[in-house]
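Take a look at the structure set out below.
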Ligand code: SF4
Ligand code: SF4
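Residue numbers (the working numbering), protein chains in the order written: chain A, 1 to 228; chain B, 1001 to 1280.
Quick look at the structure:
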């Protein structure tokens, strides 16, 4: 009862405001002001802020994936391999590179730097990993590569075809790569590898009917499936 | 169609523990193992035990008899991973407004997702076992020690609640190995918790309570029809009459030890056959 009354009163007050504008010509100005404000915030939010949010870093040395993929037998797994316990090695350590690169093999400037700076001094290359996830994420390469027989490209894109490493855009707040968040600020995504957020994992799982229902709270996948 | 993996593809697991109190010497190895395995933070001043974070805590109990009849026993207490009366109705899970803690019917493990927890501490109030701990401060490790942290367990920030996870990351790792070898099932010895492996007395046994081949099942002999009550006369669970249906079982041949597991009235006989069902 009381809520009804309140509703009506509210309605009346609203009408009273609308029907007695102080200046009838202020309408278009307010609209213009609103549109300008919106445009401005779009510019700030969509182009200025992302530029401020990410700092650009370049990799210690450049790397030609295409060239290497042509030379090796086992595809991606020649360098990004699985250990015996099923865990994934990630980006190669110096020891794997020196299997072939104990000394100079070619003429490229980058290889020269690599051999002089890292192989000769036995230092690891501090690669910046585009796909590094936050601490709380558990991701099993094993389950996806062996279990679901997925291609590396599905998540990592055609990186094997690239001839040089793109700049690493680091989120100034989280320290993570922009590849996790994705380039498109509006949230549109064309390829499966455009982003690596939780929603993207969930979307793919839903598409491929691999949702489990082990969670009592949600009736879907339990958080512990992908978190640690 | 959505797969009901847990029901149709393989039978759900129910990981649990049997701790033999008569074997436990109270050495605390399990506590230390748990600390280092799970990146449990410590404070510069650990004298205020109320603020200490101990996922596994060894309690000392006594029969309160005069010398020479004094006896003590030690009760190692990890998270009990309650299932409740209707599988999954754990005290903490049912009160969490953030879905930060959850019960998995696939493993029976009560999970805790730190990035979802906003620290309201309802779960701590609901837990009858004091198994949950609140992080009042961001963890600080002495310089250089952060290198010894396990990459498999995420460190917790201030303002969230944490607890024993039955070393869930070890389950994840065991599954990785199984996948790599083309299997889906993991073997008993492939997933063992850190405290189990660290116990020098062999007092802790861990495994799948639903799997008759697992030692823990053979020790506990759970009665599936009656909320997994144990058929082993040496076994008891902590505060069993609350109906929390926990997955950690304790074993002792001593009456007074078994009695101290629950709130017995003076003169009340030990054992609860027929009692647990009265709770809804
Ligand atoms: S403290 Fe965290 S886990 Fe506990 S009930 Fe609140 S949000 Fe949930
Ligand atoms: S099962 Fe793991 S997390 Fe739980 S008490 Fe034992 S060592 Fe700690």
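Beta carbons: idealized from backbone N, C-alpha and C, even for Gly.
| Check | Outcome |
| --- | --- |
| Within 8 Å, strictly: CB atoms of residue 1131(B) and residue 1019(B) | no |
| CB contact check: residue 80(A) to chain B, cutoff 8 Å | no |
| Where residue 1235(B) falls: helix, strand or coil (DSSP) | strand |
| Distance, residue 197(A) Cα to residue 1090(B) Cα | 30 Å |
| CB contact check: residue 222(A) to chain B, cutoff 8 Å | yes |
| Beta-carbon proximity check, residue 134(A) vs residue 69(A), cutoff 8 Å | no |
| Beta-carbon proximity check, residue 1175(B) vs residue 206(A), cutoff 8 Å | no |
| Assigned secondary structure, residue 1145(B) (DSSP; H/G/I helix, E/B strand, else coil) | helix |
| Chain-ordered chain B contacts of residue 216(A) [CB-CB under 7 Å] | 1088, 1093, 1102, 1103, 1105 |
| Test item: CB-CB of residue 1058(B) and residue 1074(B) under 8 Å | yes |
| Closest Cα partner of residue 1031(B) within the set 1270(B), 1069(B), 1076(B) | 1076(B) |
| For residue 1082(B), the nearest candidate out of 1228(B), 1256(B), 1253(B) (CA to CA) | 1228(B) |
| Counted within 10 angstroms of its Cβ, other Cβ atoms place residue 1024(B) as buried (16 or more) or exposed | buried |
| Any chain A beta carbon closer than 8 Å to residue 1182(B) | yes |
| Chain B within 8 Å of residue 90(A), Cβ atoms only | no |
| Distance, residue 1071(B) Cα to residue 1064(B) Cα | 8 Å |
| Nearest-angstrom Cα separation, counted from residue 1036(B) out to residue 1277(B) | With a pLDDT of only 44 at residue 1277(B), under the threshold of 50, the placement of this residue in the model should not be trusted; the figure read from the coordinates follows. So the two alpha carbons sit approximately 40 Å from each other. |
| Bridge-paired residues (DSSP) for residue 1223(B) | 1229(B) |
| Residue-chain proximity (residue 228(A), chain B), Cβ-Cβ < 8 Å | yes |
| Any 3 or more C-beta pairs closer than 8 Å across the region 186-204 of chain A and the region 89-100 of chain A | no |
| CA nearest to the CA of residue 1240(B), picked from 1165(B), 1178(B), 1208(B), 1084(B) | 1084(B) |
| Unbroken beta strand (DSSP E) run spanning residue 170(A), endpoints | 168-171 |
| Residue 254(A): CB within 7 Å of a non-hydrogen atom of ligand 2 | The displayed coordinates of chain A run from 1 to 228. Any statement about residue 254(A) would go beyond what the structure contains. |
| Contact belief for residue 132(A) with residue 54(A) at Cβ below 8 Å, rounded distance in angstroms | Not confirmed; about 15 Å, so no contact. |
| Reduced DSSP secondary structure (H/G/I, E/B, other) of residue 1207(B) | strand |
| Cβ of residue 1147(B) within 8 Å of any chain A Cβ | no |
| Residue 1100(B) classed as buried or exposed, judged by whether at least 16 other C-beta atoms fall within 10 angstroms | buried |
| Top-ranked residue by Cα proximity to residue 218(A), from 1220(B), 1103(B), 1160(B) | 1103(B) |
| 6 Å CB neighbourhood of residue 1257(B) in its chain, flanking five on each side removed | 1021, 1073 |
| Any chain B beta carbon closer than 8 Å to residue 27(A) | no |
| Contact belief for residue 1206(B) with residue 1192(B) at Cβ below 8 Å, rounded distance in angstroms | 6 Å |
| Boundaries of the alpha helix (DSSP H) in which residue 1157(B) is found, first to last residue | It is not in any alpha helix (DSSP H) - residue 1157(B) carries neither H nor E in the DSSP assignment. |
| Beta-ladder partner(s) of residue 137(A), from DSSP | 227(A) |
| Residue 1017(B) (DSSP reduced to helix, strand or coil) | strand |
| Three-way DSSP call (helix, strand, coil) for residue 1162(B) in this model | strand |
| One or two residues paired with residue 1101(B) in a DSSP bridge | 1112(B) |
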